[in-house]
Structures are given as structure tokens and as C-alpha cells.
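In this note's numbering, the protein residues as written are 139 to 693.
Structure first, then comments.
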């Protein structure tokens, strides 16, 4: 009789996670710095890509504003800079210096700024657009709640801190934990995609090099990584609404129409009248900065669920209804542009029929679009938000990041992770917890659930919260506390079996202070809304801040 032998079982696929793996981290703000530091602590090899000159992210102040975005902008995958083409710039080699011209024969300014060349005078601004930080920026989340587990705030830190000290805190963490030494500064990531065999991530980066003998040059590099962390933040691509006549206003008065990302100093608007569109953090903050400087401010709102109360506005600011149309005088020509101190010769027509005809400056506090231009294969600029397939991260609306497990791991391929996606949180603390989770998973010390399990949890969350901006919001009572507790329970489930220390959740003191702060601010907001009084800066400080801003900031 013949014998029947059972073929040996297929070997289990090697885990993509484990100590010694190479990890790319995109961004050196608080999210990227925390991610890199925790990854290094777990024994992984880390390279951080940061397009600016120093760590700090949204808290780094640059007096130069970013260049104008398109009016309107409707393609999230484009991002806030012109992504280079593969091979456009000379590769980094020891044998030959890179060329200051692209292979298409463009000048450096054209290659960096694309269609914005007519206005762009600084190639560095086009290469690495400055963020929204302005001179007077402060936190509105107490430093006792907004901190990283990596380092405490220094002795003498204020309850609410100024931008300079917040940036210094991030940079101290980067230096103390070896992040600074593994960071490629002035290096922008233009493309991230899987290799043909699917085993690695290829990262194509471009470095802005102004130290060579030929002046400013752009250098292209290709690097392979096992794992990728995206920590590029929320505040890159401004959302420019498609309001009738806005595009024409921008063309007619280019320096009188800006996005809040480009706002820097209230003194520029002394004795002027400003129209600020939006009812969120940026618009309210700008109106308050203009108090005592500008003549008056109009804040135009649509009456949405995210609107901050009008009681937060200063005395020289008036809340008005939605702008439905901007107009220009019949036969207007560029020769009619207003001189210094003159209002623009146009009107803003409001939904209630009111017409504003005394505007010197228009500021769009209309938020940002979710955009990862270095991951174009994960964007669909045509699919509506309700039609995101399992392999799509961002749809045509740019309202959210789809298909992430716990707002961190891309379900289709968990070797791609994101830190910093949730908002309405105490950012530094929340993102530090996310970074710890990523580091432990990537080091092989936390089991990632099967794809089917992650997909089921994600779909349950979609049904509960709905699609759109609110999907990533943790503003509800206890939302952030529950989220972090859930992360800690997941991490600690197998902690002993996988040979690691338990991950702590929020301390009792943190939870107590956060809940008390939320309770006080809820009462404060509701009380002032009912009374019609004005909430001053002092009242906000005395009542404590809600901590429910996308970036933990408001002066």
C-alpha cells in the first residue's frame, strides 16, 4: 500500500513589526517628536523628515506668511505645496552637486512654487510653507493637562503658555530623547508608496540645500523603510470656500484677502474694518487680537454646530450672518484698487440681506482640508465622502481620514500609522499616548487585531458618529478620557506575554482637572450666551479653557 504524506504547513508570514525595524516619521511637531522618541525607546531605527528648519510644528513662528492657496480649492490631494515629479531634481550623490534647475528647465522658484511664481519671492516659503502661528499665540489648554510623558514642563511654566515657550518645550523633548539627531531638516516628503513586492515603503524626499557652492539647490533622495508614521498635522492646506464673487475679490484685491493661516500681527490692521469669516478658534482669536487695534470687526457665521458663542467676541466685534456673495463695482479695473487706509470698492452681501460696504480686509477663518499629498494613491479627488472604498484615506471633501483603526493605523496596511488625527483634545497628552501605542505595535509588543476585527470596529464607529469632521472629534463629555483608556486597555492586554511594561492611562488628577474644567466652561459658555454678556480674556482665564480646540491654542 502506498503511503499518503501530508504536505508541511505553509510557514507563517514574517511579522512586519519588531525591534530594529526602520521607521520613517513625517513631521517634527509635537506628534512627530513624541512618535520618534517613543520609537527610539522601543529600539527601532528612526528617520524623521521635517520640511522646516527646526522642530516645533504649528508652534513655530515665522513672520513670513505662506503663499496663497487656490481660490477656491477643491482638490485635497494637491496639498499646500507643489509636489515634485520623480527625477525632477538631481539625485543626492557624492560625485556631483545637485542642479538648481529642474529637468524641465524651470528656475528654482518656478520648480518650488509652480503657478504661484508671480507672487512668490522666497523659494524657501514655497518649499516649506510656514504654518498658522502668529506673534501673540498662546495655549488655551492648561499646561497641567497639555504635556508629554517624555518630559515635564520646566519649573515656573505658566498655566497658559506663550508660543515661544511651547515651541521651546517641543524642542527640548526632541533634544533630550535623540529625535533632533535623527531628523533631516529642510527635507520634504513628496511621495510614499509600497515597493513592487509590497515588503517595504519607498520614501521620496527633496531637501532644500542652501549650503553648497552653487547657492540654493534641491536634492532628491529615495529611502526604504519597513514602517511609516505620518505626523504632518492638521494645519497645512487652507480650506477656501466657493462663495460667489470670492475668487474675483481675491484677484481684484490680492493683499486684502487672506486665510487665517497667513495672519501674523494685528498692528497691520490698525484703524481698519475687518470681515472675518468663520466661527471657530481662528476667527474668534483674530477678532480678540484686533480689539483696541482695528476700528471694528465683523464675524460672519453660518450657525453651525461647531460655532463658538458670540459672547467670546470683544466689544468692537459684531457677529453677522453668512456671506452669500461678494460684489465688485460695474466696470471695475485694477487701476481702481484702493490706496492705503481705504476700504475695498466692493461689497459683501449677507444672508439676511444686509450689505457691508466698508471692509478694508477679509480674513477667511474657514479651517483646513485633510490632505496627504505624499500619499496620492490613498486620495480620491472624485469620490464623495459616503463612497470611500477600503483602500482610500481621503475623499473629495477633505473632511476626514477614512479607514483608520482607532484614528491611528491604516486598516488595509497597519505598517502605515498616523499620530495627531483626533481633535478637540489636549493635544500634547493625547498625541503622546497615540505615539506610545504606535511604538509598541511597531516594536512587536502589542498585537494588532486582524483586519476583519479592525474593519468591524471602524464601521461601528462610523454608524455611531457619522462621517465628516465630527468623526475625529473627542469633544463629548469624557471623550478623550475614554479614548485614552481604551488605548491603554488594548496595549496592556498582552503586555506580560509580549515582554513589556504596562502603559499608564490618564492619572486621577488629570481626569479630575479635565472634567472640572469642562464643567466650568460649559456653564460659563451657556451663562454668557443666555445673558448676552461679553466673555473677556480674563474671564476665559479665570473660568479656565475648555481644551476643545483642534490644536490646543487660543490667546
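Beta carbons are placed, not taken as given, at the ideal position from N, Cα and C, and that holds for glycine.
Because the structure is a prediction, the values reported are computed rather than measured.
Residue i burial status per 10 Å Cβ neighbour count (16 or more: buried)
i	result
residue 688	Residue placement at residue 688 cannot be trusted, given a pLDDT of 36 that sits under 50; what the coordinates show is reported in the next sentence. Buried.
residue 314	exposed
residue 281	buried
residue 356	buried
residue 358	buried
residue 503	buried
residue 650	exposed
residue 334	exposed
residue 569	buried
residue 660	exposed
residue 278	buried
residue 395	buried
residue 348	exposed
residue 590	exposed
residue 652	buried
residue 388	buried
residue 615	exposed
Supposed close pair residue i, residue j - CB separation, criterion 8 Å
i	j	result
residue 332	residue 363	Going by Cβ atoms, the distance from residue 332 to residue 363 rounds to 11 Å, so no, they are not a contact pair.
residue 273	residue 402	6 Å
residue 391	residue 482	5 Å
residue 420	residue 187	Wrong, their Cβ atoms sit about 27 Å apart, outside the cutoff.
residue 629	residue 575	6 Å
residue 369	residue 170	4 Å
residue 528	residue 550	6 Å
Rounded C-alpha distance that separates residue i from residue j
i	j	result
residue 254	residue 267	With a pLDDT of 48 at residue 254, under the threshold of 50, the predicted position of this residue should be treated as unreliable, and no value is reported.
residue 321	residue 367	14 Å
residue 222	residue 472	33 Å
residue 556	residue 172	12 Å
residue 167	residue 467	45 Å
residue 318	residue 193	8 Å
residue 304	residue 294	13 Å
residue 699	residue 441	As shown, the chain starts at 139 and ends at 693. That puts residue 699 outside it, with no answer to give.
residue 154	residue 461	51 Å
residue 157	residue 179	10 Å
residue 208	residue 639	49 Å
residue 635	residue 586	14 Å
residue 431	residue 365	49 Å
residue 425	residue 455	7 Å
residue 256	residue 495	Because residue 256 sits at a pLDDT of 40, beneath the cut-off of 50, its placement in the model cannot be relied upon, and the point is left open.
residue 667	residue 450	At residue 667 the pLDDT is 47, less than 50, meaning the model places this residue with poor confidence; the figure from the coordinates comes in the next sentence. About 9 Å.
residue 491	residue 510	39 Å
residue 428	residue 227	44 Å
residue 345	residue 479	41 Å
residue 191	residue 174	17 Å
residue 290	residue 595	34 Å
residue 691	residue 354	The predicted model places residue 691 with a pLDDT of 37, which falls under 50 and marks its position as unreliable; any figure quoted below should be read in that light. Using only the alpha carbons, I get a separation of about 35 Å.
residue 477	residue 311	47 Å
residue 552	residue 383	44 Å
residue 386	residue 418	25 Å
residue 336	residue 212	31 Å
residue 283	residue 657	15 Å
residue 641	residue 620	15 Å
Beta carbon of residue i nearer than 8 Å to that of residue j
i	j	result
residue 632	residue 215	no
residue 177	residue 577	yes
residue 566	residue 297	no
residue 517	residue 559	no
residue 546	residue 537	no
residue 645	residue 623	no
residue 183	residue 163	no
residue 459	residue 485	no
residue 626	residue 562	no
residue 189	residue 326	yes
residue 330	residue 444	no
residue 618	residue 539	no
residue 521	residue 508	no
residue 400	residue 203	yes
residue 132	residue 374	No answer is possible for residue 132: it lies beyond the span of the chain, which begins at 139 and ends at 693.
residue 301	residue 197	yes
residue 694	residue 506	Because the chain in this structure spans residues 139 to 693, residue 694 falls outside the shown range and cannot be described.
residue 463	residue 501	no
residue 398	residue 270	yes
residue 195	residue 469	no
Cβ of residue i within 8 Å of any chain D Cβ
i	result
residue 573	The structure shown contains no chain D; it is built from a single protein chain.
Kindly confirm or deny that the stretch 431–447 and the stretch 411–418 touch, where touching means at least three C-beta pairs closer than 8 Å.
yes
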